[in-house]
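For the sequence shown, the numbering used here assigns the number 60 to the initial residue and increments by one for each residue that follows.
One structure is given here, and the rest of the page talks about it.
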Amino acid sequence: MASCTFHQQAQHKSKYQYVDNQLVLTCDSSVGNWTPSSTMMNLVVIGVNLTCSVPLPSTPYCLAADLPPLPDGYVFVGNPGVLVHPILANLTYYKKGEAIKYYVCAGNGTWTEEVVLEETNMTRGFLILFLLLVTSCHGDLPSGKTAEVLLKSDMQMLAPERSESIIRSNNNNNARSPAVAFNPSLPQQQQLLEIFNGQHLNMGHALYLTKFLEDGKFQEAREASLVKINATLFPDLELLNNAGVPTHSGYITVNKSCDSNLFFWYTAAKENSETAPLILWLPGGSGLFSLFLEHGPWFVDSQLKVYARYHDWSRTHGVLYVDNPVGIGNYTARDECYATSQEDVARDLYSFLQQFLIYKGLVALSYLKGIGIGNGFCDPINMIHWGDFLFTIGMAGYEERDRFRELAQAARQQIKKEKWTLAARLIDTILGGVMTPGHTSMFTNVTAYNYYFNFRLPVEPKEFTYYFQFLDLIPVREAIHVGKTVYHNSRKVQTKIFPDMGRSVKNKIENLLNKGLK
Numbered sequence: 060m061a062s063c064t065f066h067q068q069a070q071h072k073s074k075y076q077y078v079d080n081q082l083v084l085t086c087d088s089s090v091g092n093w094t095p096s097s098t099m100m101n102l103v104v105i106g107v108n109l110t111c112s113v114p115l116p117s118t119p120y121c122l123a124a125d126l127p128p129l130p131d132g133y134v135f136v137g138n139p140g141v142l143v144h145p146i147l148a149n150l151t152y153y154k155k156g157e158a159i160k161y162y163v164c165a166g167n168g169t170w171t172e173e174v175v176l177e178e179t180n181m182t183r184g185f186l187i188l189f190l191l192l193v194t195s196c197h198g199d200l201p202s203g204k205t206a207e208v209l210l211k212s213d214m215q216m217l218a219p220e221r222s223e224s225i226i227r228s229n230n231n232n233n234a235r236s237p238a239v240a241f242n243p244s245l246p247q248q249q250q251l252l253e254i255f256n257g258q259h260l261n262m263g264h265a266l267y268l269t270k271f272l273e274d275g276k277f278q279e280a281r282e283a284s285l286v287k288i289n290a291t292l293f294p295d296l297e298l299l300n301n302a303g304v305p306t307h308s309g310y311i312t313v314n315k316s317c318d319s320n321l322f323f324w325y326t327a328a329k330e331n332s333e334t335a336p337l338i339l340w341l342p343g344g345s346g347l348f349s350l351f352l353e354h355g356p357w358f359v360d361s362q363l364k365v366y367a368r369y370h371d372w373s374r375t376h377g378v379l380y381v382d383n384p385v386g387i388g389n390y391t392a393r394d395e396c397y398a399t400s401q402e403d404v405a406r407d408l409y410s411f412l413q414q415f416l417i418y419k420g421l422v423a424l425s426y427l428k429g430i431g432i433g434n435g436f437c438d439p440i441n442m443i444h445w446g447d448f449l450f451t452i453g454m455a456g457y458e459e460r461d462r463f464r465e466l467a468q469a470a471r472q473q474i475k476k477e478k479w480t481l482a483a484r485l486i487d488t489i490l491g492g493v494m495t496p497g498h499t500s501m502f503t504n505v506t507a508y509n510y511y512f513n514f515r516l517p518v519e520p521k522e523f524t525y526y527f528q529f530l531d532l533i534p535v536r537e538a539i540h541v542g543k544t545v546y547h548n549s550r551k552v553q554t555k556i557f558p559d560m561g562r563s564v565k566n567k568i569e570n571l572l573n574k575g576l577k
């Protein structure tokens, strides 16, 4: 059979996604073109329709229906009409230390046995990629060999860099496009087939709790939001079950007309959970950063293995982690619904808290006992003396310190005039540099550091990225009730609220203190 080519058929209406080495191209229906993406979330092609007006880039991709017949006993992963690619992997997992065998179609048209033994091709515990390619090789696979492989009953994503390296090392450059296949006689094959079949990925569904609360179904809301991992299928993730101390997560709708939702993850106290104080933690972005990197019950390593943190705050307190404001770790349907001021942020958070406290069994906000601010940028006009600090610790000289002072004074002048956008741009020029594309901040130009939260670290620690990858694991997405919803730190959130950067909340803090809060 000749090399496969892509056929754009009339019934293809919506979206395709495919992998080309480390590049994922997605048909963006809104612009009618193929656009690159950095995600490796969907290694399997999804969708059976297409609206792109631009032809698919030239490649040996083909429709599954155009492929040569499979050996007896094998089936396609996906329906005819779904694009497949030579390097797509059957994402299944095996116990660490086993000699995993797989078969690839060699350039001479014969089956070649490969054995994966290297530790670098394994994650800790039970994870390893198994690649079985079915092409136009002559003859069936060696009889009985696939029986050596024990399939897990669900799929899970690896860290992107690990996926890329394994895919790259196992890329079969045969000009004739194979389909991904597996032997249906293997254990749990039907469940695996259902996961890959068509457009289905077993991530569960996003959980919206507001409707439960409006209908008075409080217990149902608590039960539905319970974070629970199937420890039999995913023993390395069992710690998320938190040893009998419940954690809950989901979305609460804070603005129905905008479809604005805030994501939360609540960890109950391990000691005296019924009477323990409740901490609402707001790090100024994703609450999950703090959960995994600061004081939550778990942390994650480079192999995406989860560990218990002994000195976590939830030992003696209930802790509520919220992705706040709208657009950070959650979403809103319309651009005009993003927060543009601290008042907008407070309004949405107040709506969230009213619902959450009912969900938890409380009835009012009068329980507030105290407030703590750590590293809070709450009074910019008096807090932008960064040049003097850098000079004191030896990271800036006299000239650099004076330039910092000049920019800070200019920013203060704009704040006094209530020219908020100009003030924000000057502050960003001094320290952030994130809102001026193509330009670095004065801090970076002077110190050569890109990371300003710790003067001992020139760049953001790589450990800060592990929890992102962990949260994209399919069983984790299912367990925390986000499903296929995209949750991330949106640049649009920064852009919308950027002019508010220079505003002070000093008077609000003074008001709280005057009311006796500690």
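The C-beta atom is built at its ideal place from N, Cα and C for all residues, glycine as well.
Please read these numbers as outputs of a predicted model, since none were measured by experiment.
Could you tell me the distance, in whole angstroms, from the CA atom of residue i to the CA atom of residue j?
{"i": "Phe529", "j": "Thr291", "result": "19 Å"}
{"i": "Ser373", "j": "Glu458", "result": "47 Å"}
{"i": "Glu569", "j": "Arg406", "result": "20 Å"}
{"i": "Thr544", "j": "Asp461", "result": "47 Å"}
{"i": "Leu572", "j": "Cys437", "result": "15 Å"}
{"i": "Leu557", "j": "Tyr397", "result": "Checking the sequence shown, residue 557 turns out to be Phe, not Leu. For Phe557 and Tyr397, the distance between alpha carbons rounds to 12 Å."}
{"i": "Gly456", "j": "Phe450", "result": "6 Å"}
{"i": "Val541", "j": "Ile489", "result": "37 Å"}
{"i": "Glu465", "j": "Gly346", "result": "35 Å"}
{"i": "Gly561", "j": "Glu279", "result": "43 Å"}
{"i": "Val365", "j": "Ala328", "result": "19 Å"}
{"i": "Thr524", "j": "Leu296", "result": "18 Å"}
{"i": "Val381", "j": "Phe348", "result": "10 Å"}
{"i": "Leu299", "j": "Ile539", "result": "10 Å"}
{"i": "Trp357", "j": "Thr326", "result": "11 Å"}
{"i": "Glu273", "j": "Leu339", "result": "23 Å"}
{"i": "Val286", "j": "Tyr418", "result": "15 Å"}
{"i": "Met454", "j": "Asn289", "result": "50 Å"}
{"i": "Lys475", "j": "Ala483", "result": "13 Å"}
{"i": "Thr269", "j": "Ala467", "result": "45 Å"}
{"i": "Ser500", "j": "Phe271", "result": "47 Å"}
By the three-class DSSP mapping on this structure, what secondary structure does residue i have?
{"i": "Phe436", "result": "coil"}
{"i": "Tyr418", "result": "helix"}
{"i": "Leu516", "result": "coil"}
{"i": "Phe322", "result": "strand"}
{"i": "Gly11", "result": "Any answer about residue 11 is impossible in this case: the structure gives the chain only from 60 up to 577."}
{"i": "Gly575", "result": "coil"}
{"i": "Tyr267", "result": "strand"}
{"i": "Leu532", "result": "coil"}
{"i": "Asn242", "result": "Residue placement at Asn242 cannot be trusted, given a pLDDT of 33 that sits under 50; what the coordinates show is reported in the next sentence. Of the three classes helix, strand and coil, the one that applies to Asn242 here is coil, per DSSP."}
{"i": "Thr451", "result": "helix"}
{"i": "Ala290", "result": "coil"}
{"i": "Val552", "result": "helix"}
{"i": "Gly446", "result": "helix"}
{"i": "Lys567", "result": "helix"}
{"i": "Ser511", "result": "This sequence places Tyr at residue 511; Ser is not what is there. Correct three-state label for Tyr511: coil."}
{"i": "Leu296", "result": "helix"}
{"i": "Asp407", "result": "helix"}
{"i": "Thr524", "result": "helix"}
{"i": "Leu272", "result": "helix"}
{"i": "Leu427", "result": "coil"}
Should residue i go down as buried or exposed, given a rule of 16 or more other Cβ atoms within 10 Å for buried?
{"i": "Ala507", "result": "exposed"}
{"i": "Thr151", "result": "Its pLDDT being 28, under 50, Thr151 is placed unreliably in this model, and the coordinates cannot settle the point."}
{"i": "Gly492", "result": "buried"}
{"i": "Lys555", "result": "buried"}
{"i": "Leu586", "result": "The requested residue 586 does not occur in the structure, where the chain is confined to residues 60 to 577."}
{"i": "His307", "result": "buried"}
{"i": "Gly575", "result": "exposed"}
{"i": "Asn331", "result": "exposed"}
{"i": "Asn383", "result": "buried"}
{"i": "Leu427", "result": "exposed"}
{"i": "Ser284", "result": "buried"}
{"i": "Glu537", "result": "buried"}
{"i": "Asp371", "result": "buried"}
{"i": "Ala265", "result": "buried"}
Let me check one thing: in DSSP terms, what residues is residue i bridge-paired to?
{"i": "Ile311", "result": "Leu321"}
{"i": "Ser306", "result": "Correcting the residue identity first, residue 306 is Thr in this sequence and not Ser. Paired residue(s): Thr326."}
{"i": "Leu285", "result": "His307"}
Entirely enclosed alpha helix (DSSP H) segments - the region 454 to 509, minimum 4 residues: 457 to 475, 479 to 486, 501 to 506
Sequence ranges, beta strand (DSSP E) only - wholly within the region 319 to 405, length at least 3: Segments of the beta strand (DSSP E) lying fully in the region 319 to 405: 319 to 326, 337 to 340, 357 to 359, 365 to 367, 377 to 381.
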